[in-house]
Amino acid sequence: MIIDCHGHYTTAPEPLQLFREAQKEAFKAGKALPEVPHISDDKIRESIEKNQLKLLEARGLDMTIFSPRASAMAHHIGDEAVSKQWTSACNDLIHRVVDLYPQKFIGVCQLPQSVGVPIKNSIEELERCVNELGFVGCNLNPDPSGGHWTSAPLTDPSWYPFYEKMVELDVPAMIHVSGSCNPNFHATGAHYMNADTTAFMQFLEGNLFKDFPDLRFIIPHGGGAVPYHWGRYRGLADMLKQPPLREHVMKNVYFDTCVYHQPGIDLLFEVIDIDNILFGSEMIGAVRGIDPETGQYFDDTKRYVDALNLSGEDRTKVYSGNARRVYPRLNKRLKEMGV
Ligand SMILES: [Zn+2]
Numbered sequence: 023m024i025i026d027c028h029g030h031y032t033t034a035p036e037p038l039q040l041f042r043e044a045q046k047e048a049f050k051a052g053k054a055l056p057e058v059p060h061i062s063d064d065k066i067r068e069s070i071e072k073n074q075l076k077l078l079e080a081r082g083l084d085m086t087i088f089s090p091r092a093s094a095m096a097h098h099i100g101d102e103a104v105s106k107q108w109t110s111a112c113n114d115l116i117h118r119v120v121d122l123y124p125q126k127f128i129g130v131c132q133l134p135q136s137v138g139v140p141i142k143n144s145i146e147e148l149e150r151c152v153n154e155l156g157f158v159g160c161n162l163n164p165d166p167s168g169g170h171w172t173s174a175p176l177t178d179p180s181w182y183p184f185y186e187k188m189v190e191l192d193v194p195a196m197i198h199v200s201g202s203c204n205p206n207f208h209a210t211g212a213h214y215m216n217a218d219t220t221a222f223m224q225f226l227e228g229n230l231f232k233d234f235p236d237l238r239f240i241i242p243h244g245g246g247a248v249p250y251h252w253g254r255y256r257g258l259a260d261m262l263k264q265p266p267l268r269e270h271v272m273k274n275v276y277f278d279t280c281v282y283h284q285p286g287i288d289l290l291f292e293v294i295d296i297d298n299i300l301f302g303s304e305m306i307g308a309v310r311g312i313d314p315e316t317g318q319y320f321d322d323t324k325r326y327v328d329a330l331n332l333s334g335e336d337r338t339k340v341y342s343g344n345a346r347r348v349y350p351r352l353n354k355r356l357k358e359m360g361v
């Protein structure tokens, strides 16, 4: 079985985006927020079957861990009420997709984060999504300001109430920023990579996993710059008198395979333990084109992983075993489905 741990609903039907525009305008004008539009099953089917489902099947994948479009979370826009309404609308749509294709998609939620608003205010939506909608994880934005980094590091106790709830519900979080409103940082080319690398360094500097030994994070996009600079991080851990990374961070942190070329995947697997790598492609996402050097889609990451010639055991870990371990609620669902 092949589980893609990183997919977003980037192709959601147009009424969702029109609603978002109306919502932003209403907020700006100080008017009441508009109603969330009803989107028909047919519109949802069309948006999925022509896109994610088509590619899923063409690439030989079985299931995607599916969440709202990350760049559109835009926690820096509006206020808490705007973020809450937008978030529940996006999460409800993910739930509709999962209901239509329960064998192919499983939900991960966006959180109603907002600049200056305590993260504990996102607990209610996490509980709703996990307990009522059957979601198996969440996307946690370490920088709701969209590129200005105005919140405390992820190791700060202000995040702890949320982590307590994650542990209680036994769900992991993918560390995932959203759009950038800082022109210095291109969203998917700089802001995403920066955030991945920044989160890892925060975990290295802090002692979060001493307080939360069962907390689990996925750092996407192959861990940002971390695997490439693994020696730097090992050296920094040593200089900062922290335990070796394997004990200090890597019992709780996982990287996906959203790295869009063979040498990058080769390096990831050479440097990072197989138990810490989850297959992911982030399709249809940041890089949608075809690589002229290979004639294949850049984000068809299964090709690169297949080319590694992993042992049967390692292959199972990367393609499904690690995901089932990191997302116990997904594992439970698969067992109920007889997989
Ligand atoms: Zn993503």
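First residue of the sequence shown: 23, per the working numbering; consecutive thereafter. Yeah, the Cβ is synthetic: ideal placement off N, Cα and C, and Gly gets one too.
Query - Inter-residue Cα distance where the pair is Thr109 and Leu133 - result: If you number the sequence shown from 1, residue 109 lands on position 87. If you number the sequence shown from 1, residue 133 lands on position 111. When rounded, the distance between both Cα atoms is 6 Å.
**Report entry** Contact set for Leu83: own chain, Cβ-Cβ below 6 Å, skip 5 residues either direction
**Finding:** Your numbering for residue 83 matches position 61 in the sequence shown. Around Leu83: Ile24 and Asp26.
Query raised in the report: Would you call the stretch 175-193 and the stretch 100-108 in contact, with 3 or more CB pairs under 8 Å?
Result: no
Report task. Using only alpha-carbon positions, find the residue among Glu57, Leu148, Leu155 and Val152 that is nearest to Gln107. Result -> Position 85 of the sequence shown, counted from the start, is the residue given in the question as residue 107. Residue Glu57 is the option with its Cα nearest to Gln107.
Query raised in the report: When the Cβ atoms of the stretch 285-297 are set against those of the stretch 310-317, are three or more pairs found closer than 8 Å?
Result: no
Requested in this report: Taking all protein chains shown into account, decide if Ala329 is buried (16 or more other Cβ within 10 angstroms of its Cβ) or exposed.
Outcome: Locating residue 329 in the sequence shown gives position 307, counting from the first residue. Label assigned to Ala329: exposed.
Report task. Give every residue of the same chain whose Cβ lies closer than 7 Å to the Cβ of Ser69, excluding the five residues on either side of it in the sequence, and list them in chain order. Result -> Along the sequence shown, read from residue 1 onward, the residue named residue 69 stands at position 47. These residues qualify, in order along the chain: Thr33, Ala34 and Pro35.
Query raised in the report: If you draw a straight line from the alpha carbon of His170 to that of Cys131, how long is it in whole angstroms?
Result: One-based indexing of the sequence shown puts residue 170 at position 148. One-based indexing of the sequence shown puts residue 131 at position 109. If I take the Cα positions, the gap works out to 23 Å.
Query - Whole-angstrom C-beta distance between Phe239 and Ala195, which should lie under 8 Å - result: Here the question's residue 195 lines up with position 173 in the sequence shown. Here the question's residue 239 lines up with position 217 in the sequence shown. That belief holds up - the Cβ atoms of Ala195 and Phe239 are roughly 6 Å apart, short of 8 Å.
Report task. Output the boundary residues of the alpha helix (DSSP H) element that contains Tyr16. Result -> The chain is shown only over 23 to 361; residue 16 falls outside these bounds and no answer can be derived.
Query raised in the report: Between the beta-carbon of Pro166 and the beta-carbon of Gln135, is there less than 7 Å?
Result: Position 144 of the sequence shown, counted from the first residue, corresponds to residue 166. Position 113 of the sequence shown, counted from the first residue, corresponds to residue 135. Closer than 7 Å, so yes.
Query raised in the report: Counting by C-beta, which residues lie closer than 5 Å to a heavy atom of ligand 1, in chain order?
Result: Ala92 and Glu304
Report task. Have a look at Pro265 and Leu230 and give me their C-alpha separation to the nearest angstrom. Result -> Counting from one through the sequence shown, the residue named residue 265 turns up at place 243. Counting from one through the sequence shown, the residue named residue 230 turns up at place 208. C-alpha separation (whole angstroms): 13 Å.
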